[in-house]
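Student: Protein chains in written order, with the numbering used here: chain A, 1 to 309; chain B, 310 to 618; chain C, 619 to 927; chain D, 928 to 1236; chain E, 1237 to 1545; chain F, 1546 to 1854.
Built from N, CA and C at the ideal position, the CB exists for glycine as well.
Let me give you the structure first, and then I'll get to my questions.
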């Protein structure tokens, strides 16, 4: 069975559409203001992973951005499972999917009373084949982490923990690192030069005997980040949530990214220099294996099948 | 003749649609990444105002964000005029329209070579009735300018001169000022406390015998801002492009916003205190009148007809 | 017995005065330079609470600001108790008092040798009825916490831990939040957008299962803050002293202020949005109750009697 | 005739007092909050200098700090002239006086509606002998300008242009420079390292053929500063209002301070190094002479008589 | 005649050495502390260009860093001319040379009295063949200007106008841009994201009809920069010394670097995008030609001979 | 036996030289770019202390600055021990030595490929008598710690953990504190006003029952700092690695510096005010004694013999 993206129906505010017909108005604030809160969840073995935590975070984003989705978290969860159920028959048994939530303020702009809303929210929930071919090689070789010259948007301008679709700053930072290496993955600094995050993931180093990741301010409080910290604790690896800078990465033993689709992506090169001995390190491997055990799936193997396909 | 928004056809990548059918894919990077460059032009007496300057700025935004629209500026201008010609018959002779350009990177994400593009750009060009009822009262009474506590995104994170649709930070700042006054207009500060801009306009004060507006860094280099400066020079009013802070506004003689739809909007109150004597000042009035003469239209009168309607 | 403020004698540099005659020279540096170190202590059941810790902090402020009070801490403590003894007879048995210390450099400006002093310090110690009517309603309803747009004075300009009477910046921030809500209590951010403190108190959130309050840099190291942390530890509630931002407050379960007069003041609204479910939360209530047990007084009940009066 | 300070009556909110009896309540917000707006004017030949400009600035400070003095500018001016008239008979004909205005919010704290006031303002207006003995030697020898390590309070925390009596930060910076030299005059930097001002004056350099002084943000917009700029223009000396840093002072030809009492105070040493050739320079001298001509007084000579006295 | 570097004698504190023997102690503060002030001058047609201005700036650097060279500017100038005279006979008539000054504090560290010196300064003056082969191709093709992610050292940490040999930060920024393009030339931003300078040159853009270069704070006040501004004024090209950011470069018509060896180096690409039309622009060419006329030499032609050699 | 510095041979890139002949080319990047990585180790009882940790840190500095020393860590260690063995016979048995490593990029500048090198590194390894006479008195009296007004170079400009010889900023900060007191030791703040480090050491306070030292960002991660933290833990003294500010030092019980030569140097005065009671405190003494026990040497006594000599 082939995994055919065109079979994945898209839920939009109460109706299901085939992908080619899944459209929203050009007057929706999603288009005119980037005014969309979002989550991306994945399945492992066709089971959604930490869907509740994703929905909880989604409601935090909605609250802070004063968008009323018109649905309770339980209703969103139920619709999500329906969409998944509808689409899973088209997913090969050894494949998995993204589950994406996008909720915008709808076609009206912000109301005079910012807790009111001029129009119903636009609620988009869809699945998509989880194709990891761009990243699959990194499980064994590691990726090249590169620092863009643009700085992360400060918390006092827009808090990165509000997971939203006004993402131009991330895209431009991405364009900068691609100048160094077309396969580079960005490690964005804040305006003080501290490491924050990647365009869609968190960053970890293993150094001085501890696993370290930046504070979740100026960085998304990633659910994969949470998972990596929990797995490390389970394995008896000390963890630290702490500010660090490029120097710490250059001199670390290991480094990796975490994100929903790939879970853990080893980084073996940083701005042209090897991280540690330039190979995927043992702590990274143990964490990836533990993750696989947690979800009953060889994560790297699944991704690598996309390479061979 | 009534001005009926539903008659304004929308151009999307080569085709014309009635507004209710003007839609784009939920997979478009406009929706998924806020990855859209934009301009808003208006007509005066059915003639587009400074359309060429708007298109020039649009191409600057496209260049910096590495979006290839697939059309030359001349082609964009020609399509714009066709859209306008198509829609003007539905516009009463004493009414005017917005002309909006939105160009996204299309359905593909950023390519490995950032100067390439994985999919054709999505080009949206439409007109809309220019309804100024929310602002019309301000021409005579002045508005209440209020400072949100969130700060403008710094230039080194995302330059405000890239006129784009990733606007969540502006919306949240707007929500903050609406807590003070549901009709408040925001005056956003940068991370050093200097005045930058409004969510969609520029800000001016008249103080110490000169018209002053902040540098166009951390603020859009507005075309209405340009026009106001040109008109002031024509009237022999000294102008300064300079950093200033809330103190300068509290102690100014006059203050106003500029933006495409309303041209000049007097501000007579700032964070609860009167600006000058709390009335629309003579310099503001002279500039508004000069603008009207430039375009052959009583700008405030046109707006006030919307109030009465 | 009525609580009559006019009966509270004021100690000024060795003499006692009725309040209406308690005056200092307009040439005192307290007036000309805001050059006064200060503490506010309160009684519970007519017993001063942590007076020694207040005096210890007072001497820290005096040292850093290079004011020689001309008295030892023991002497200050003894005078304080005398003032209290003098005035308590006028205090109803179910009422309590503020005890205020104000010590300025006196009428001379800073000497050429900054460890010397050109004139004797002015030492003011007085009591005052502790009237909590402005806050009493908040124990059950919670207050509205609001963020001003002005930023806290940075540590490198003037350390907030020097408890002093040059408080104009706090007053102006207070004026800003009163624009949102006349009963609003300020939550001031630092120049990086981190939460610092209120004009006269500290701020806490309960989130992710822990009680959190900002570092005491850019914020007073409040003695009520200390007490709240100690009580939480006694109750087995995990505590964290950590930077946080508005996002954390919007998404917290509970929030409250601490300060000498009211001890703990619940905040149930933050910038127009409910904190948690918008009601005073169980952790806040447990802490308030524990405080009451520590001092043998129903703190909220005492305050609420002022409402009814 | 001796100049006897004890003869200068002090106006306090409608009454005149001898200095020893000029007192305000310890409950006045001047004492409890440093909540006082202020101006210092001087006379030349018994005539007040730019009194109107000082009063205009005072009303700017009052407005921004939301203090209602309960008097019009004209009334304040009239009272000021009465105080002066009352006290001038005690001033020797070759001596001059300070005229000081201090206006606090009174005994009430900020009202819930920040434009209202809970109590009448406290208005203090007094004169005092203008004794320049501490500075007199600097007219010929120049002073030692020294940079404290503390930074000026940023505009976004408290704008230095609000001339107020919450001055502890200035006092502590002063204490720091006195460690280098007991006669040092401070040159305070902002948090970016730019020169701002002195505790009570502005700073100028003459370099590259132009007279330069920092922007009046993060620095008081001094009226003596204005006068120095006007005099320079009158003398054909190019002027620049511009950011500069310590490097510019180290490499300048000349440097000086301006302030109401001393008008122009040459600085011939900066952080231990000579400014220019280490002597009072010709541009400084021409400006001081021009100032003397403007006011009909040999400013340095008057000051030096205090030395000899 | 071949240009033989080994013939250029080096002056070290009073003696002349062949290059291979030109050495200093490993205990010299030049080696142990990077404690060296420096200038690089070049000849045109064997005549030193603006040698006096270079020596003047050298003495500014020496003063601010409190190094006493033990020689007057006139003595340094005289020795420089002697070194040049000694070495010019080995320079082909169509070639030119660098003249380099390096003056360190000598073998002693900073004295307790910072205006004193524990050891005589080490004074190094030498010439070297001016080989421009690395840059020669840029006169016609333009170079690729690239932004490193590291930020310029702020003025308040170390002022870039002190021209010194503690240059590690420049070298590391250089390493970063070489990752993008081995021939890239760095355009370093300050901590606010404003353009400063190159590792050894200044940066200009031509945009909106004016030639613009950043303020000389956080950037060396280059003598070639001065020359370019003077030439522009001579040609009637408006000039502005102003902050600008990457957006301004992306949208400029032309861009170039200035520095002593190459004078003007066109930049036709910025972070992967063309500047203007991607070719060396007319304003740049006019300035380069004017410079050649000023010094009587075809600057680009001389450089290009090195390519062919 | 006298300790004669002239007997200590210096290793330079494979050869041994007497100190007077230990020289490097004026064209070496050590001289022209401050491009040298460095370590200073000391002996106790003629045994090198933590040499391996120093060499490990040296290789971190070399990696980040992309200098290839051309030797393995083991080879460097072996050469170091040979140099020590060669020179120890000239060292009296109760004296000790510094061991200094300086490794520069050699005479070539940075290569186009920044991981390549145009010339062999220059490797300098030498010993020197450890003369502590400048510091010896501080063991009993304590030193005067003073804050310069210049700020530490931020991490995003040049990370202080790259231990290098581009040290001009430290020297200028040192010159500033010497203005206050010729024997002052600097305590440098970062651009936010947090304490970082001394020109060559780290800083600690003992306050609130814990030993505190700043994070090793913006400060060297000193090996003596590590040792002090380890000793404190061994003695059961709680330790905190945390940001702190001058207020914390003014109000601390004790303070001291750590650095390789002196190990622990008590500070009993801070910006003119006593630290604690102004005497060397018990925690400092216990740590110094524990250090002596660790290395089998009375550290203060050895230093004080230099005073008497």
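Measure from the C-beta of residue 987 of chain D to each C-beta in chain B and report whether the shortest distance is under 8 angstroms.
Tutor: Chain B, which has a Cβ nearer than 8 angstroms to the Cβ of residue 987 of chain D, makes this yes.
Student: Apply the 10 Å Cβ neighbour rule to residue 1136 of chain D and answer buried if 16 or more other Cβ atoms are within range, or exposed otherwise.
Tutor: Residue 1136 of chain D is exposed by the Cβ-count criterion.
Student: Where do the N-terminal and C-terminal ends of the beta strand (DSSP E) with residue 1668 of chain F fall, by residue?
Tutor: It spans 1667 to 1674 - the beta strand (DSSP E) in which residue 1668 of chain F sits, taken as one unbroken run.
Student: Quick check: the stretch 1532 to 1543 of chain E against the stretch 1279 to 1289 of chain E, are there 3 or more CB pairs under 8 angstroms?
Tutor: Counting Cβ pairs under 8 angstroms, three or more are found: they touch.
Student: Verify whether the separation of the beta carbon atoms of residue 503 of chain B and residue 554 of chain B is less than 8 angstroms.
Tutor: Yes, the Cβ-Cβ distance between residue 503 of chain B and residue 554 of chain B is below 8 angstroms.
Student: Any C-beta of chain E within less than 9 angstroms: which residues of the stretch 1089 to 1107 of chain D qualify?
Tutor: Going along the stretch 1089 to 1107 of chain D in chain order, one finds no residue with a Cβ nearer than 9 angstroms to chain E.
Student: Residue 642 of chain C touches chain D at which residues, Cβ-Cβ below 8 angstroms?
Tutor: Those within 8 angstroms of residue 642 of chain C in chain D are 950, 951, 953 and 958.
Student: Along chain C, which residues have their Cβ under 9 angstroms away from the Cβ of residue 155 of chain A?
Tutor: Neighbours of residue 155 of chain A on chain C, chain order: 810, 811, 812, 863, 864 and 865.
Student: Counting only Cβ pairs nearer than 7 angstroms, list the residues of chain E close to residue 148 of chain A.
Tutor: Residues of chain E passing the Cβ test: 1385.
Student: Should residue 616 of chain B be labelled buried (16 or more other beta-carbon atoms within 10 Å of its own) or exposed?
Tutor: Residue 616 of chain B should be labelled exposed.
Student: Is residue 156 of chain A buried or exposed, if buried means 16 or more other CB atoms sit within 10 Å of its CB?
Tutor: Buried.
Student: Taking CB distances under 8 angstroms as the criterion, tell me whether residue 570 of chain B reaches chain A.
Tutor: Chain A, which has no Cβ nearer than 8 angstroms to the Cβ of residue 570 of chain B, makes this no.
Student: From the beta carbon of residue 1703 of chain F, is the nearest beta carbon of chain D less than 8 angstroms away?
Tutor: Judged by the 8 angstroms Cβ criterion, residue 1703 of chain F is not in contact with chain D.
Student: With a cut-off of 8 angstroms, does the C-beta of residue 914 of chain C fall near any C-beta of chain A?
Tutor: Taking Cβ atoms only, chain A never reaches closer than 8 angstroms to residue 914 of chain C, which makes this a no.
Student: With a CB to CB cut of under 6 angstroms and the five nearest residues on each side skipped, what residues in its chain are close to residue 1520 of chain E?
Tutor: Within the same chain, residue 1520 of chain E has close Cβ partners 1490, 1492 and 1502.
Student: Just the Cα atoms here: how many angstroms apart are residue 847 of chain C and residue 118 of chain A?
Tutor: Straight-line Cα distance between these residues: approximately 44 angstroms.
Student: Take residue 1656 of chain F and list the residues in its own chain whose beta-carbon comes closer than 7 angstroms to its own, dropping the five residues that flank it on each side.
Tutor: 1662 and 1663, listed in sequence order.
Student: Which of the three DSSP states, helix, strand or coil, is assigned to residue 1547 of chain F?
Tutor: Of the three classes helix, strand and coil, the one that applies to residue 1547 of chain F here is coil, per DSSP.
Student: Do you know whose CA, among B:329, B:333 and B:314, lies nearest residue 323 of chain B's CA?
Tutor: Considering only alpha carbons, the answer is B:333.
Student: Helix, strand or coil: which one does DSSP assign to residue 476 of chain B?
Tutor: DSSP places residue 476 of chain B in coil when its eight states are reduced to three.
Student: What residues from chain B crowd round residue 1486 of chain E, counting only those whose CB sits closer than 8 angstroms?
Tutor: Near residue 1486 of chain E (Cβ distances below 8 angstroms), the residues of chain B are 369, 372 and 373.
Student: Using the Cβ count rule (16 or more neighbours within 10 Å means buried), how would you classify residue 389 of chain B?
Tutor: By the 10 Å Cβ count, residue 389 of chain B comes out buried.
Student: For residue 1381 of chain E, which of E:1332, E:1295 and E:1416 has the nearest alpha-carbon?
Tutor: Comparing Cα positions, the closest option is E:1416.
Student: Going by beta carbon distance, what residues of the same chain come within less than 7 angstroms of residue 1407 of chain E, once the five residues before and after it are set aside?
Tutor: Cβ neighbours of residue 1407 of chain E beyond the five flanking positions: none.
Student: Would you report the Cα separation of residue 36 of chain A and residue 161 of chain A, rounded to the nearest angstrom?
Tutor: Roughly 13 angstroms between the two C-alpha positions.
Student: Please report the Cβ distance between residue 218 of chain A and residue 154 of chain A, rounded to the nearest whole angstrom; I am assuming they are in contact, meaning their Cβ atoms lie under 8 angstroms.
Tutor: Right, the Cβ-Cβ distance comes to about 7 angstroms (below 8 angstroms), so this counts as a contact.
Student: Could you tell me whether any non-hydrogen atom of the ligand FAD is closer than 7 angstroms to the CB of residue 1367 of chain E?
Tutor: This structure lacks the ligand FAD; in fact it carries no ligand of any kind.
Student: May I have the straight-line CA-CA distance separating residue 725 of chain C from residue 630 of chain C, to the nearest angstrom?
Tutor: Straight-line Cα distance between these residues: approximately 14 angstroms.
Student: Extract the residue ranges of the alpha helix (DSSP H) inside the stretch 1595 to 1674 of chain F, only unbroken runs of 4 or more that lie entirely within it.
Tutor: Fully enclosed alpha helix (DSSP H) runs of 4 or longer: 1596 to 1609 and 1618 to 1632.
Student: Please go through the stretch 192 to 256 of chain A and give each complete alpha helix (DSSP H) segment of 4 or more residues, from N-terminal end onward.
Tutor: Taking only runs of at least 4 residues, the alpha helix (DSSP H) segments lying wholly in the stretch 192 to 256 of chain A are 223 to 234 and 246 to 250.
Student: Taking C-beta pairs closer than 9 angstroms, name the residues in chain E that residue 271 of chain A reaches, listed in chain order.
Tutor: Within 9 angstroms Cβ-Cβ: 1385, 1411, 1412 and 1415.
Student: Between which two residues does the beta strand (DSSP E) containing residue 657 of chain C stretch?
Tutor: 654 to 662 is the span of the beta strand (DSSP E), which, as asked, contains residue 657 of chain C.
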